[in-house]
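For the sequence shown, the numbering used here assigns the number 1 to the initial residue and increments by one for each residue that follows. Backbone N, C-alpha and C define an ideal beta-carbon position, used for all residues, glycine too. Bear in mind the structure is a predicted one, so any value in this text is a computation, not a measurement. Notes for the one structure printed next.
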Amino acid sequence: MNTTIRRSAVFTLLLVLALLVRATWVQFYEGTALADDQHNRRNAIKTYADPLGNIIVAGDAITGSARTKSSDLAFKRTYTDGELYAAVTGYASQAYAPTQLEGIYQDLLDGTDLRLKTVMDTVTGERAKPGNVITTIDPAVQKAAFEALGDKKGAAVAVDPATGKILAVVSTPSYDPSSLTDANTAGASWKKLNADPDKPLTNRALRQPLPPGSTFKLVVAAAALEDGLYSSVDERTDSPDPYTLPGTTTELSNENPSAPCENATIRTALQYSCNNVFARMAVALGQDKVKAMAEKFGFNDKAQDVPVRAYESVYPSGMDESSTALTGIGQYDVTATPLQMAMVSAAIANDGKLVSPHMVSQLTDGGGDVLEDYDSEAGTKEILSSGTAEQLRSAMQTVVEDGTGTNARIGGATVGGKTGTAQHGENNSKTPYAWFTSYAKADGKEVAVAVVVEQSNAARSEVSGNGLAAPVAKAAMEAALKS
């Protein structure tokens with residue numbers, strides 16, 4: 001064999017070996033990644049070859065599947081009352097990755113969850129019958145909060161304090177998930193929704209922490225009572241009015257200049273929302289003790305899953321005393337989601353015990369058998385002593401009966417709450433955030449609700465927790481107590 005032929009043969013052999021090595025690599029190492037790639041059309045075809053499982057509210061499916069007319073994707077997702085439940089369901093789209101419960105339980109809903117497979121499915125290789133997601137949402141509470149928010153930009157969360165079941169998750173403005181389900185039309189809707197300055201795709205109830213304002217005063221009061229700084233909500237505090245922020249010449253004012261805030265008791269300070277009392281209290285406790293109490297309630301938790309991952313609510317560290325004082329009134333770098341502030345009221349309502357909040361009750365297979373029961377798995381943590389919780393409930397009732405939260409009164413029910421108006425923008429140049437966190441009890445039923453209104457048509461002077469947020473909380477609480 002001459003040299004040229006021999007070299008050509010060796011070169012050809014090397015090319016064949018390189019091809020075999022590359023094919024082996026693709027098949028055994030990159031195969032899974034390619035198969036799972038969201039741009040792999042085969043995955044979408046397989047997912048939408050059959051109807052999906054459903055998300056259930058109070059025994060009724062709020063999702064469904066419909067046949068497509070001209071597509072290689074046989075079915076598409078449908079939604080009943082899509083705007084009402086968008087903050088719960090998210091969307092399952094032929095064009096985009098699923099979100100919220102649709103995303104978390106995608107495998108269960110499309111039948112690929114291994115827990116769904118029967119022996120026959122394993123033998124035949126067929127996809128299993130999809131499962132269902134049973135939520136804790138109460139449709140009456142969800143609807144009441146949604147309608148009460150109306151055209152305001154904001155959010156509401158309602159929780160059963162005794163069980164941790166989330167009864168409502170509302171975010172406004174909302175959107176219709178059905179507009180994103182069909183690959184042929186989803187693009188235009190996606191572009192429009194993302195261009196909207198009000199960000200309807202944002203889940204404000206769970207995933208948009210904002211300064212909680214005076215609602216955070218409940219956390220500071222809890223820390224002071226648990227620490228023994230004050231023995232009861234009716235003991236007078238050491239709180240000059242006006243209060244000068246430590247190390248500065250800045251005097252902290254109160255919303256109501258005529259309110260009896262000088263050396264006020266915790267009850268009176270909550271009733272009139274006295275900034276001087278809680279700013280001074282935070283400094284007296286020190287940031288570490290306030291932070292420790294905040295973290296008991298759930299602040300600084302980066303893995304708060306309900307099961308949707310909620311954004312972290314933050315109590316900061318490394319502050320000087322003037323900044324610590326501002327955290328005492330829910331400002332500086334303190335942020336909270338409505339979920340977090342509902343958890344604060346829930347723990348106070350439940351004798352100081354916080355049951356893990358969750359909006360999924362059970363996962364079931366296609367035949368209705370329970371695969372997972374989140375209700376029975378919900379953990380309980382003691383946040384406060386029952387005595388402290390009782391005192392705080394009493395003070396919160398004063399807020400509603402004779403203080404800044406009168407718009408939350410419900411005839412025949414015991415209602416406690418705390419208003420908040422948080423500064424927004426540099427030097428409070430933008431419309432403030434209006435907050436209300438509360439609980440209600442009647443006839444053996446109870447509920448905790450938190451509401452934030454980011455923007456409304458109200459004049460700036462009319463923006464308050466009592467004026468904008470309390471009526472929404474009242475609507476949700478009334479619905480929960482009647483359910």
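How should residue i be labelled, buried or exposed, when 16 other C-beta atoms within 10 angstroms of its C-beta is the threshold for buried?
i, result
"A342", "buried"
"E147", "exposed"
"G379", "exposed"
"K291", "buried"
"N350", "buried"
"D365", "buried"
"V334", "buried"
"A310", "buried"
"V472", "buried"
"V10", "exposed"
"N276", "buried"
"D182", "buried"
"S376", "exposed"
"P197", "exposed"
"T4", "exposed"
"L481", "buried"
"K217", "buried"
"L17", "exposed"
"A35", "Because the pLDDT of A35 is 47, which lies under 50, any placement of that residue in the model is unreliable, and the question is left without a value."
"E485", "Nothing can be reported for residue 485: it is not among the residues displayed for the chain, which extend from 1 to 483."
"S461", "Any reading at S461 must be qualified, since the residue scores a pLDDT of 49, below 50, and its modelled position is unreliable; the value itself is stated next. Per the 10 Å Cβ criterion, exposed."
"L116", "buried"
"S493", "Any property of residue 493 remains undetermined from this structure, which presents the chain solely from 1 to 483."
"K165", "buried"
"L14", "exposed"
"L84", "buried"
Can you check which of these residues, the options, is closest to residue i by C-alpha distance?
i, options, result
"N203", "S174, G228, Y230 and G213", "S174"
"V57", "Q362, V306, V472 and A221", "Q362"
"T63", "V133, E226, S8 and A95", "V133"
"D110", "A49, D151, K153 and T163", "A49"
"T89", "A128, K76 and T135", "T135"
"P200", "A158, G82 and N300", "G82"
"D138", "G467, V453 and V447", "V447"
"G282", "L229, D443 and G465", "For the sequence presented, residue 282 should be read as Ala rather than Gly. Here the closest residue by C-alpha is L229."
"G330", "A156, K418 and L392", "K418"
"S464", "G411, T404, R409 and A442", "T404"
"Y315", "P307, K302, V308 and V306", "K302"
"L371", "S8, L17, T68 and D113", "D113"
"A66", "G53, A155 and G59", "G53"
"D210", "E478, K445 and T421", "With the sequence shown as reference, residue 210 is identified as Leu, and Asp is not the correct amino acid for it. Ranking E478, K445 and T421 by Cα distance to L210 puts T421 first."
"G318", "D305, P338, G286 and D176", "G286"
Which partner residues of residue i appear in the DSSP bridge assignment?
i, result
"E372", "L363"
"T420", "Checking the sequence shown, residue 420 turns out to be Gly, not Thr. In DSSP, G420 forms a bridge with W435."
"S174", "Its beta-bridge partners do not exist; DSSP assigns none."
"F75", "R67"
"G154", "T172 and V453"
"V355", "T380"
"T414", "K441"
"Q304", "A310"
"D60", "V57"
"L210", "A336"
"A342", "Answer is none; A342 lacks a bridge partner."
"K165", "H358"
"L252", "Y243"
"V219", "In DSSP, V219 forms no bridge with anything."
"R409", "Answer is none; R409 lacks a bridge partner."
"K159", "A small correction: the amino acid at residue 159 is Val; Lys does not occupy that position in the sequence shown. I166 and A448."
Under the assumption that residue i contacts residue j (Cβ atoms under 8 Å), give the Cβ distance between them as a whole number of angstroms.
i, j, result
"S258", "S214", "The pair is not a contact, with the Cβ atoms about 18 Å apart (cut-off 8 Å)."
"Y439", "G416", "5 Å"
"L252", "P242", "6 Å"
"A162", "Q142", "With a Cβ gap of about 19 Å, A162 and Q142 do not count as contacting."
"K153", "Q455", "4 Å"
"T265", "D234", "5 Å"
"K476", "V449", "Per the sequence presented here, residue 476 reads as Ala, with Lys not at that position. With a Cβ gap of about 5 Å, A476 and V449 count as contacting."
"W435", "P212", "6 Å"
"G247", "A279", "So it is not a contact: roughly 13 Å between Cβ atoms."
"V220", "A346", "The Cβ separation is near 18 Å, so there is no contact."
"A486", "A479", "A question about residue 486 goes unanswered here, because the residues of the chain that appear run from 1 up to 483."
Could you tell me the boundaries of the beta strand (DSSP E) in which residue i lies?
i, result
"T388", "It is not in any beta strand (DSSP E) - T388 instead sits in the alpha helix (DSSP H) that spans S386 to D402."
"I56", "I55 to V57"
"N132", "N132 to T135"
With respect to the alpha helix (DSSP H) encompassing residue i, which residues constitute its N-terminal and C-terminal limits?
i, result
"V88", "G82 to T89"
"M281", "N275 to L285"
"N194", "A186 to A195"
"F299", "Run containing F299: none; DSSP gives neither H nor E here."
"T327", "E321 to T327"
"E235", "Unbroken run through E235: none, as it is neither H nor E."
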